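Numbering (my numbering), first residue to last: 4 to 168.
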Amino acid sequence: MHARIATIATLTAALALSLAGCGGQDDVKARPAPSSAAASPTPDVADQLIEWRDGGGSETLNTFLKDLTVVDEASDPVDLDGLRDACADLAAHVETAQLEDPIPDETANNSWKLALEHLAASATACSNGAVSDSQDDFDLMASEMDIGIRHMTAVSDRIGELTPE
């Protein structure tokens, strides 16, 4: 019935793997060293990024991972009431994140803004689909979520590149 919703499990698994290194210093140490000179920040930018990450940034990323996991769980088997609630939570967390301080690295922050835009669009399509039970809404939800997760993965990867303590 809702075949595209099933792709959420794959997307959230990919994001979980990417975010695994953003949780704290022990996880980050396990990441490989940056592969290019362009990824080497100035010490000031690296310190600011670590401060952002440890000052709530990694918690925000993990909140999104939890939200997406709940959306996934409500998607298979389809639970329209569960989807409505899960997508409302995702939308609220996106709104909160959009009001927070930007990531102190331009590349990561650009990906962050794009991730939030696409996750907001996904949450809206999800909420609409939970009300209408429309496959078109669920397809849009999955597509926007895929794009949002790709940008969020880019944020996580960038943090790992710039903070290889």
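By construction, the Cβ of each residue, glycine as well, lies at the ideal position given by its N, Cα and C atoms. Since the structure is predicted, the reported quantities are computational estimates derived from the model, not experimental observations.
Quick one: residues in its chain with C-beta nearer than 6 Å to the C-beta of Ala124, no 5 flanking neighbours on either side, listed in chain order? Sequence index remark: in the sequence shown, residue 124 carries index 121 (1-based). Result list for Ala124: Glu147, in chain order.
So is Ser159 buried or exposed if we call it buried at 16+ other beta carbons inside 10 Å? For the purposes of this step, residue 159 is identified with residue 156 of the sequence shown, where counting begins at 1. Per the 10 Å Cβ criterion, buried.
Cα-Cα separation, Val97 to Leu68: Counting from 1 along the sequence shown, the entry for residue 97 is found at position 94. Counting from 1 along the sequence shown, the entry for residue 68 is found at position 65. About 12 Å.
Please classify Ala95 as buried or exposed, where buried requires at least 16 other C-beta atoms within 10 Å of its C-beta. For the purposes of this step, residue 95 is identified with residue 92 of the sequence shown, where counting begins at 1. Looking at its Cβ environment, which holds fewer than 16 other Cβ atoms inside 10 Å, Ala95 is exposed.
Looking at C-alpha atoms only, which residue of Ile106, Pro167, Ala89 is the closest neighbour of Leu52? Counting from 1 along the sequence shown, the entry for residue 52 is found at position 49. Of the candidates Ile106, Pro167, Ala89, the one whose C-alpha sits nearest the C-alpha of Leu52 is Ile106.
Looking at C-beta atoms only, is the number of pairs between the stretch 118-132 and the stretch 151-165 that lie closer than 8 Å three or more? yes
Proximity test, Leu165 beta-carbon vs the ligand SAM heavy atom, cut-off 7 Å: For the structure depicted, the ligand SAM is absent and the ligand set is empty, with no information on it obtainable.
How far does the alpha helix (DSSP H) with Val97 in it extend, from its first residue to its last? For the purposes of this step, residue 97 is identified with residue 94 of the sequence shown, where counting begins at 1. From DSSP, the alpha helix (DSSP H) with Val97 extends over 83-102.
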